[in-house]
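Novice:
Protein chains: 2
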Amino acid sequence: MSVTAAKGFTAAGIAAGIKSNGNPDLALVVNTGPRRAAAGVFTSNRVKAAPVVWSQQVLADGELTAVVLNSGGANACTGPKGFQDTHATAEKVAEVLSGQGTEVGAGEVAVASTGLIGVLLPMDKLLPGVETAAAELSEHGGEKAAIAIKTTDTVHKTAVVTKDGWTVGGMAKGAGMLAPGLATMLVVLTTDADVDAKGLDAALRSATRLTFDRVDSDGCMSTNDTVLLLASGAAGVTPEQDEFAEAVRAVCDDLARQLIGDAEGASKDIRIEVINAASEDDAVEVGRSIARNNLLKCAIHGEDPNWGRVLSAIGTTQAAFEPDRLNVAINGVWVCRNGSVGEDRDLVDMRYREVVVTADLAAGTESAVIWANDLTADYVHENSAYSS
Amino acid sequence: MSVTAAKGFTAAGIAAGIKSNGNPDLALVVNTGPRRAAAGVFTSNRVKAAPVVWSQQVLADGELTAVVLNSGGANACTGPKGFQDTHATAEKVAEVLSGQGTEVGAGEVAVASTGLIGVLLPMDKLLPGVETAAAELSEHGGEKAAIAIKTTDTVHKTAVVTKDGWTVGGMAKGAGMLAPGLATMLVVLTTDADVDAKGLDAALRSATRLTFDRVDSDGCMSTNDTVLLLASGAAGVTPEQDEFAEAVRAVCDDLARQLIGDAEGASKDIRIEVINAASEDDAVEVGRSIARNNLLKCAIHGEDPNWGRVLSAIGTTQAAFEPDRLNVAINGVWVCRNGSVGEDRDLVDMRYREVVVTADLAAGTESAVIWANDLTADYVHENSAYSS
Chain A
1 MSVTAAKGFT AAGIAAGIKS NGNPDLALVV NTGPRRAAAG VFTSNRVKAA
51 PVVWSQQVLA DGELTAVVLN SGGANACTGP KGFQDTHATA EKVAEVLSGQ
101 GTEVGAGEVA VASTGLIGVL LPMDKLLPGV ETAAAELSEH GGEKAAIAIK
151 TTDTVHKTAV VTKDGWTVGG MAKGAGMLAP GLATMLVVLT TDADVDAKGL
201 DAALRSATRL TFDRVDSDGC MSTNDTVLLL ASGAAGVTPE QDEFAEAVRA
251 VCDDLARQLI GDAEGASKDI RIEVINAASE DDAVEVGRSI ARNNLLKCAI
301 HGEDPNWGRV LSAIGTTQAA FEPDRLNVAI NGVWVCRNGS VGEDRDLVDM
351 RYREVVVTAD LAAGTESAVI WANDLTADYV HENSAYSS
Chain B
1 MSVTAAKGFT AAGIAAGIKS NGNPDLALVV NTGPRRAAAG VFTSNRVKAA
51 PVVWSQQVLA DGELTAVVLN SGGANACTGP KGFQDTHATA EKVAEVLSGQ
101 GTEVGAGEVA VASTGLIGVL LPMDKLLPGV ETAAAELSEH GGEKAAIAIK
151 TTDTVHKTAV VTKDGWTVGG MAKGAGMLAP GLATMLVVLT TDADVDAKGL
201 DAALRSATRL TFDRVDSDGC MSTNDTVLLL ASGAAGVTPE QDEFAEAVRA
251 VCDDLARQLI GDAEGASKDI RIEVINAASE DDAVEVGRSI ARNNLLKCAI
301 HGEDPNWGRV LSAIGTTQAA FEPDRLNVAI NGVWVCRNGS VGEDRDLVDM
351 RYREVVVTAD LAAGTESAVI WANDLTADYV HENSAYSS
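Taken in order, these protein sequences are the chains called A and B.
UniProt numbering numbers the first residue of the first sequence as 1 and each following residue consecutively.
UniProt numbering numbers the first residue of the second sequence as 1 and each following residue consecutively.
(1) For A110(B), which option in F42(B), T132(B) and C77(B) has the closest C-alpha, if you only look at C-alpha atoms?
(2) Pair every Cβ in the region 339-348 of chain B with every Cβ in the region 252-265 of chain A, then say whether three or more of these pairs are closer than 8 Å.
(3) D201(B): buried (16+ other C-beta within 10 angstroms of its C-beta) or exposed?
(4) Is S289(A) buried or exposed, if buried means 16 or more other CB atoms sit within 10 Å of its CB?
(5) Quick check on D360(B): does DSSP put it in helix, strand or coil?
(6) Just to make sure I have the definition right: I need the residues of chain A whose C-beta is within less than 8 Å of the C-beta of T223(B). Which are they?
(7) For the region 205-213 of chain B and the region 289-301 of chain B, state whether three or more C-beta atom pairs, one from each stretch, are separated by less than 8 Å.
(8) For F9(B), list the residues DSSP reports as bridge partners.
(9) Alpha carbon to alpha carbon, how far is T223(A) from E322(A)?
(10) Could you tell me the distance, in whole angstroms, from the CA atom of G62(B) to the CA atom of A5(B)?
(11) Should residue 412(B) and G72(B) be called a contact, given that it needs their Cβ atoms to be closer than 7 Å?
(12) So what's E143(A) in DSSP terms, helix, strand or just coil?
(13) Could one say the Cβ of T152(A) lies closer than 7 Å to chain B's Cβ atoms, at least one of them?
(14) For my contact list, A112(A) and A94(A) are in at a C-beta cut-off of 8 Å; report their separation, rounded to the angstrom.
(15) Should V155(B) go down as buried or exposed, given a rule of 16 or more other Cβ atoms within 10 Å for buried?
(16) So what's D374(B) in DSSP terms, helix, strand or just coil?
(17) With DSSP as the reference, label S2(A) as helix, strand or coil.
(18) Going straight from the alpha carbon of L189(A) to that of A11(A), what length do you get?
(19) With 16 as the cutoff for other CB atoms within 10 Å, does P239(A) come out buried or exposed?
(20) In three-state DSSP terms, what is R36(A)?
(21) Is the Cβ of T102(B) closer than 7 Å to any Cβ of chain A?
(22) Taking the CB atoms as reference points, tell me whether A234(B) and D192(B) lie closer together than 7 Å.
(23) Which full runs of the alpha helix (DSSP H) of 4+ residues lie inside the region 240-271 of chain A, going along the chain?
(24) For A87(A), decide whether its Cβ has a neighbour in chain B, counting only Cβ atoms nearer than 7 Å.
(25) Which residues, in chain order, does the region 107-138 of chain A contribute to contact with chain B at a C-beta distance below 9 Å?
(26) Between the C-alpha atoms of D213(A) and V96(A), what's the straight-line distance to the nearest angstrom?
(27) In three-state terms, what does DSSP make of D196(A)?
(28) For G13(A) versus K144(A), is the C-beta distance shorter than 7 Å?
(29) Could you check whether the Cβ of H301(B) sits closer than 7 Å to any Cβ belonging to chain A?
(30) To which residues of the same chain is P128(B) closer than 6 Å at the C-beta, ignoring the five residues directly before and after it?
(31) Listing by chain order, which chain A residues have their CB less than 7 Å from the CB of A76(B)?
(32) So D153(A) and M123(A) are supposed to be a Cβ contact under 8 Å. How far apart are they, rounded?
(33) Can you grab the Cα-Cα spacing for the pair G170(B) / R249(B), in whole Å?
(34) How many angstroms separate the CA atom of A66(A) from the CA atom of V29(A)?
(35) Just confirm the distance between the C-beta atoms of N327(B) and A277(B), as a whole number of angstroms; I'd bet it's less than 8 Å.
(36) For a contact defined as C-beta to C-beta under 7 Å, what are the partners of N293(B) on chain A?
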């Protein structure tokens, strides 16, 4: 499963000592070929961590041989030294892999980091850790790699889709910046399909736009978000682009849903469906505004079908709608009709973890789904105390 | 003090029975002249409560004789019946005041409401309450009026500035939508200066832009926000516009600071100073982004000088800045210099209620101050449970 479900990849996950508690904290994923095509999407935050800047550069030629990932430190806001550390990490991976018989340059190695912002990584532990990880590389190492990138994730997250002779698999950690400062969504996807960098990029961008980009657990954007897709071509099959893109989307959707389900401090997963919007952009804007309304997030935590807070969130957007035509359902009960009181709110059953908020803009035919979490005292506790 | 500090105004605050706990819930403010000039600013939420729609209409001619305010119900998202109720309330005020000897039309009466969204007001209690309030109108009624508009405010809020022969005073309740669904900022300001509607409007808009508009307690915009300024002309003095505007700004500033200081569930008042911005708009955009970052709000609650969360919030804006030139101080300690680690974070003392976050964009000479609160478990509890 995970990043080694597809043929042509090895992986490892080890404890390098970056985390003081001794948990696994270093993962290595290697594409053994025959192809090396790759694509990536990164945080749109203008304050980018050193590994994000590095990985964007090495991906410019559409090829990657390896990805090294660490938890236990984000290497963000760490100045020139932080960038040198990322570079040194990639050099070390290249050196060790070259020593194993494949000639690899640092420019073929992406780096991803997650953890506290503003702290330099312990390179005296990380670099020896790269040697240990390389020695443990295995076609069965995907699970261990997924475990090593966890921060406050309670479970590791993997997904796989197998099609006719080819496979897309992957691993993920985190959810937006919901995890307490230990931040960040890191995702590595692999496939043995023979797809070039352009095809990978198109598939990855269309998939992330509809999946990871629509997870809005706590409205906070990380400095380190990284999603990579590597193709080995080992299956010797080139699928139709549409079919390939759909498989990538399915894996991303599965992983995104797992991120929301494990969001720290959360007691509810909120599926926000915006329907009958004039445009998809309108639907996304309204969905995000609802997703980020702290009062609504508190109400859902309290199992209170407070549709007034949905309307007040919609009202802050620029989307096309008339206030007196808005309809809102919570778990299928239309508690707001035509901008006013609808069905009896006592009919709404909110006992289960998943809560569906449907906002009908009555302005067109477009729609979008945004996933969010509730706001809980646990979220406050975990995010107010982690660094002390 | 309050709305009766200026000459030419009477006020009252009574318990009409709108609130089930029997607390005061109805306030009446009357301009006894000789002038009737008035101005108002209202929520920019596109989902507007009935009293907001009404009051915007009656203010179109720049005159008001009275303002009737109720707590215990927002009369928002209540459809045509809600608007009829607002209209009937204004009619009742006009009728009762006319019975006292001054001919008043409903079109001279503004209405403001605060409380739960989506619930009709109990008109059988509200209308008799108007009669009771009118009977108690007094030149000393300002405090009682300020008390009657409280929802979950722990204290009533008033302010006054007295200049050479004229006065500006006022009352306020709430803070954004921070109070648990009981929502909303309502403010009535009065002056005995002789200023026409145009002068009032200019003074009020410039004042609110720099005061109430820069309070961002919880990022949630109400459907009911209303700020009114009424001038009686009873002092017989027409001050210079600049001097008058400055007095209005001072009163608004005082009230805005009181709102933040009483924000529900909050344990910290956060003064966010954005300096050296390329434009004031940039400074405000950055200030709001910092003010709305839940992770930072949690960190400040935990007295954790987590500057990485400030940088990640700045990075989501479109403001002009270079990431490696950003500086951040918390309570005067420059914990981030040039986008990286600065002074020792252990030097930051965050024991007191007021916390100052200074963000230096190093991109110009403009600045802005935004006030926010921390995010606490109390906020979650109060906002997840109020309607159950």
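Glycine included, every Cβ here is placed at the ideal spot set by N, Cα and C.
Specialist: Based on what the coordinates show:
(1) If you number the second sequence from 1, residue 110(B) lands on position 110. Among F42(B), T132(B) and C77(B), the Cα nearest to that of A110(B) belongs to F42(B).
(2) no
(3) The sequence position of residue 201(B) within the second sequence is 201, counting from 1. It is buried - the Cβ of D201(B) has at least 16 other Cβ atoms within 10 Å.
(4) As a working mapping, residue 289(A) is identified with position 289 in the first sequence. That one is buried.
(5) Start at 1 with the first residue of the second sequence, and residue 360(B) comes out as number 360. Strand, per DSSP.
(6) Position 223 of the second sequence, counted from the start, is the residue given in the question as residue 223(B). Within chain A, the residues near T223(B) are G308, L311, S312 and G315.
(7) no
(8) In the second sequence, the residue the question calls residue 9(B) occupies position 9. Paired residues: N31(B).
(9) As a first step, residue 223(A) is located in the first sequence; it is residue number 223 there, counting from the start. As a first step, residue 322(A) is located in the first sequence; it is residue number 322 there, counting from the start. If you take the alpha carbons of T223(A) and E322(A), they lie about 37 Å apart.
(10) If you number the second sequence from 1, residue 62(B) lands on position 62. If you number the second sequence from 1, residue 5(B) lands on position 5. C-alpha separation (whole angstroms): 22 Å.
(11) In this structure chain B extends from 1 to 388, so residue 412(B) is not present and cannot be described.
(12) Position 143 of the first sequence, counted from the start, is the residue given in the question as residue 143(A). Helix, per DSSP.
(13) In the first sequence, residue 152(A) corresponds to position 152, counting from 1. False, the Cβ-Cβ gap to chain B never drops below 7 Å.
(14) Position 112 of the first sequence holds residue 112(A). Position 94 of the first sequence holds residue 94(A). Between A94(A) and A112(A) the Cβ distance is about 16 Å, and since that is not below 8 Å, they are no contact.
(15) If you number the second sequence from 1, residue 155(B) lands on position 155. Per the 10 Å Cβ criterion, exposed.
(16) In the second sequence, residue 374(B) corresponds to position 374, counting from 1. Coil at D374(B), not helix or strand.
(17) Residue 2(A) sits at position 2 when you count from the first residue of the first sequence. The answer is helix: DSSP assigns S2(A) an H, G or I state.
(18) By one-based count along the first sequence, residue 189(A) stands at place 189. By one-based count along the first sequence, residue 11(A) stands at place 11. Between L189(A) and A11(A), the C-alpha separation is close to 12 Å.
(19) By 1-based counting over the first sequence, the position of residue 239(A) is 239. Burial call: buried.
(20) Start at 1 with the first residue of the first sequence, and residue 36(A) comes out as number 36. In this structure, R36(A) counts as coil in the three-state DSSP scheme.
(21) Here residue 102(B) refers to the residue found at position 102 of the second sequence. Output row for T102(B): interface = no.
(22) By 1-based counting over the second sequence, the position of residue 234(B) is 234. By 1-based counting over the second sequence, the position of residue 192(B) is 192. Taking 7 Å as the Cβ cut-off, A234(B) and D192(B) qualify as a contacting pair.
(23) 241-261
(24) Position 87 of the first sequence, counting from 1, holds the residue named residue 87(A). The amino acid occupying residue 87(A) in the given sequence is His; Ala does not appear at that position. Not closer than 7 Å to any Cβ of chain B, the Cβ of H87(A) fails to qualify, so no.
(25) L116, I117, G118, V119 and L120
(26) For this step, residue 213(A) is matched to residue 213 along the first sequence. For this step, residue 96(A) is matched to residue 96 along the first sequence. Rounded to whole angstroms, D213(A) to V96(A) spans 35 Å at the Cα level.
(27) Counted from its first residue, the first sequence places residue 196(A) at position 196. If DSSP states are grouped into helix, strand and coil, D196(A) belongs with coil.
(28) Here residue 13(A) is taken as the residue at index 13 of the first sequence, counted from 1. Here residue 144(A) is taken as the residue at index 144 of the first sequence, counted from 1. Result yes, Cβ atoms of G13(A) and K144(A) sit closer than 7 Å.
(29) Position 301 of the second sequence holds residue 301(B). Yes, H301(B) lies at the interface with chain A (some Cβ there is under 7 Å from its Cβ).
(30) Locating residue 128(B) in the second sequence gives position 128, where the first residue counts as 1. Closer than 6 Å at the Cβ level, and outside the excluded window around P128(B), lies no residue.
(31) Numbered from its first residue, the second sequence carries residue 76(B) at position 76. Per Cβ cutoff of 7 Å: G308.
(32) Here the question's residue 153(A) lines up with position 153 in the first sequence. Here the question's residue 123(A) lines up with position 123 in the first sequence. At roughly 25 Å, the Cβ-Cβ gap does not stay under 8 Å, so D153(A) and M123(A) are not in contact.
(33) Within the second sequence, the letter at position 170 stands for residue 170(B). Within the second sequence, the letter at position 249 stands for residue 249(B). Looking at the two C-alpha atoms, the distance is approximately 12 Å.
(34) Counted from its first residue, the first sequence places residue 66(A) at position 66. Counted from its first residue, the first sequence places residue 29(A) at position 29. When rounded, the distance between both Cα atoms is 6 Å.
(35) Walking along the second sequence from the start, residue 327(B) turns up at place 327. Walking along the second sequence from the start, residue 277(B) turns up at place 277. Incorrect: roughly 13 Å between the Cβ atoms, too far for contact.
(36) As a working note, residue 293(B) is residue 293 in the second sequence. Neighbours of N293(B) on chain A, chain order: C220.
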